[in-house]
Amino acid sequence: TIIAIFIGGIFFIIIAKTYAYMIEQFPNNGGSFGIVYHVLDKPHAFLTIWSFCFAYIALLWINAINFAPFTRFLVNDVFQWGIDYTVVGYQIYLGEALVELFILIFFGLFVAYGKKLVNIVQTTLFLLLITSETILFFSILLNTDLSILSHPAFIPGKPIPLQIYNVLLFVPWMFVGFGTISFASNDFNFPIKKINCIMPLAIVLGMLDYCMLNTIAATAIPDGFSTNAEYIANLDKLNGIEKFPVLYSV
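Residues in the sequence shown are numbered from 854 upward in steps of one, following our numbering.
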């Protein structure tokens, strides 16, 4: 996973540098739409913004489904009511779907109309997240036998390049949204040239953050498994919070 994160991160640093250059050349609050509109024409800009919309909508729901495991962990089966169906072996309930929809609408309205409070809340949550991850990461380094991270380093019996490639496919999801800074380029209160350092640095910090999360998850092995590779290989057979390595590690 760490290898894939660094490979994908390199590509995204190149993308970030490209974004930074374009923002410097065409500062506007239209983001990618505004940049493409200046460089090419309206049809290309239209296709660009719709491509972004479809990508964000897809990723929005991928992230939203994480609320269901949290509710099951916190309140057990309180929201497991109504119409239910199964997707790839995972049971979905109407009650949980409505909870997820409510959370999305609530935070959507909050971000749209929260004004300065949004910045305060987002900055506070960011600092809490990074602080807690860092404390947990170094606590694990000091109190865990780190040999479990490399024995084995990959899942036995499967081609190593394919394992790296499978994780690499998720890297765009890891860094989604970093380009939204281009939507506020007219509102920067610092020299716009600094964006050439800020955007690549954001990607590097994101890479390190995901590597910490990966390490944290890899050190938490449920009873009945001797290695992390064995645990990961049997995720489909598990239920509840144990099915989600990062959540289980926390």
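Quick reminder that beta carbons are idealized off the backbone N, C-alpha and C, glycines included.
Check                                                                                                                              : Outcome
Buried or exposed (CB count within 10 angstroms, at least 16 for buried), proline 1009                                             : exposed
Cβ-Cβ separation, leucine 995 to isoleucine 1069 (assumed contact under 8 Å), whole Å                                              : No, isoleucine 1069 and leucine 995 are not in contact; Cβ-Cβ is about 13 Å, not under 8 Å.
Contact test: glutamine 878 Cβ vs the ligand MN heavy atom, cutoff 7 Å                                                             : What this structure holds is no ligand at all, so the ligand MN is not there to describe.
Member of Phe886, Ala898, Glu953 whose CA lies at the smallest distance from the CA of isoleucine 918                              : Glu953
Alanine 1082 versus leucine 1015 - alpha carbon distance                                                                           : 15 Å
The region 1040-1057 in contact with the region 862-879 per 3-pair CB rule at 8 Å                                                  : yes
Bridge partners - tyrosine 938, DSSP secondary structure assignment                                                                : Ile945
Per-residue DSSP class, three states only, for leucine 1022                                                                        : coil
Delimiting residues of the alpha helix (DSSP H) encompassing phenylalanine 859                                                     : 855-878
For asparagine 881, three-class secondary structure by DSSP                                                                        : coil
Alpha carbon of phenylalanine 1043 to alpha carbon of leucine 981, nearest angstrom                                                : 25 Å
Beta-carbon proximity of threonine 871 to valine 1020, cut-off 8 Å                                                                 : no
Straight-line gap, isoleucine 945 to phenylalanine 920 (C-alpha atoms, nearest Å)                                                  : 12 Å
Cut-off 8 Å between Cβ atoms - residues of its own chain near isoleucine 936, not counting five sequence neighbours on either side : Tyr946, Leu947
Residue nearest to cysteine 1064 in terms of C-alpha spacing, selected from Pro1012, Ile1085, Asp1089, Ile983                      : Ile983
Any alpha helix (DSSP H) of 4 or more consecutive residues that is wholly inside the region 909-988                                : 920-928, 947-966
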